[in-house]
Amino acid sequence: MPVIAVGGLTAEIAEDALEDGTADFVSFGRPVIADPHFVKKIKEDREDEINECIRCNEDVSRKSSYTNI
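In our numbering, the protein residues as written are 106 to 174.
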């Protein structure tokens, strides 16, 4: 059965999970909100330029009030 890792993943953690077989897929939500170019930066080996999610829940409060993130 395929396993999808979610929640609080960084690029490094996701890569480790895929490489060691802990997960078959990874899913990113907030990291892509924090940095819309998240995946592109990983592909281009520019992880040091990623604006990481600081888990402030600003996106959650805006979502519940129906305002743009």
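Note that the Cβ used here is the ideal one computed from N, Cα and C, for glycine as well. Keep in mind that this is a model prediction, so the values were computed, not measured.
Pull the bridge partners of residue i from the DSSP assignment, please.
i, result
"Ala110", "Val131"
Leaving aside the five residues before and after residue i along the sequence, list all residues of the same chain whose C-beta is less than 8 Å from its C-beta, in chain order.
i, result
"Val137", "Phe143, Val144"
When we look at the beta-carbon of residue i and count the other beta-carbons within 10 Å, is it buried (16 or more) or exposed?
i, result
"Cys158", "buried"
"Arg160", "exposed"
"Arg47", "Because the chain in this structure spans residues 106 to 174, residue 47 falls outside the shown range and cannot be described."
Among the residues of its own chain, which have a CB less than 6 Å from the CB of residue i, if the five just before and after it don't count?
i, result
"Lys146", "Glu154, Ile155"
Taking 7 Å as the threshold (C-beta atoms), are residue j and residue i in contact?
i, j, result
"Phe130", "Ile109", "yes"
"Ala122", "Ala116", "no"
First and last residue of the alpha helix (DSSP H) that includes residue i?
i, result
"Asp153", "That residue, Asp153, is in no alpha helix (DSSP H); it is neither H nor E in DSSP."
Residues in the same chain with beta-carbon distance under 7 Å from residue i, minus the five sequence neighbours each way, listed in chain order, please.
i, result
"Ala139", "Asn156, Glu157, Cys158"
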